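Residue numbers (UniProt numbering): 1 to 182.
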């Protein structure tokens, strides 16, 4: 008896929310986008090809939902006062822990495409090929976006290789190029 692919959707909710948060930087909007993406996936489950990567399919739906919302929001007038207050980045403490606020500020300066690529490859564990498929671009494009994003974060946060050795594995995976060969 074949299993219903809808049953697998639930296992990806946490990863979808994390991806939505990285795109929106707003928990309420991220939750709304995940909900919209799940509804779309649920109603279009017949377009999912069994045996393919469910997570990549869901992330593609979520990504498209984000861009649709982003295009709509761009046409609306919003009060952004106070949202993007500029802060100077500080070097990490002597024990190598990065200041979360500094990271968030630096991360917010990345383009949408760079943030998306970095989250997919660095934090969500997608291979470059999976991330390229999810974003609908060439593998080389994803590699460039990830590399440029990492370089910009390192520059903005004044990070050097010896400092990165002391960071936790998740931060190091996002900021440094320790991607295992896919």
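No residue lacks a Cβ here, since even glycine has one placed at the ideal position from N, Cα and C. Every value quoted in this text rests on a predicted model; they were computed, and no experiment measured them.
(1) Measuring CA to CA, which of 13, 6, 9, 119 is closest to residue 142?
(2) Determine the direct distance from the alpha carbon of residue 42 to that of residue 6, and round the result to whole angstroms.
(3) Quick check on DSSP: helix, strand or coil for residue 33?
(4) For residue 137, does the three-state DSSP call read helix, strand or coil?
(5) Measure from the alpha carbon of residue 111 to the alpha carbon of each residue in 153, 15, 39, then state which is nearest.
(6) Could you check what DSSP says for residue 52 in three-state terms: helix, strand or coil?
(7) Throw me the rounded Cβ distance for the residue 117 and residue 146 pair, which I believe falls under 8 Å.
(8) Using the C-alpha atoms, what's the distance from residue 64 back to residue 36?
(9) Is the CB-CB distance between residue 13 and residue 39 below 9 Å?
(10) Taking the alpha-carbon positions, what's the residue 51 to residue 158 distance?
(11) Would you check if the region 123-139 and the region 24-31 touch, i.e. whether three or more CB-CB distances between them fall below 8 Å?
(12) With a threshold of 16 other CB atoms inside 10 Å of the CB of residue 10, please say whether the residue is buried or exposed.
(13) Under the rule that 16 or more other beta-carbon atoms within 10 Å means buried, what is residue 114, buried or exposed?
(14) Within a Cβ cutoff of 6 Å, which residues of the same chain sit near residue 34, ignoring the five residues on either side of it in sequence?
(15) According to DSSP, simplified to helix, strand and coil, what is residue 159?
Working from what's here:
(1) 119
(2) 7 Å
(3) helix
(4) coil
(5) 153
(6) coil
(7) 5 Å
(8) 11 Å
(9) no
(10) 44 Å
(11) no
(12) exposed
(13) buried
(14) 16, 17, 20
(15) coil
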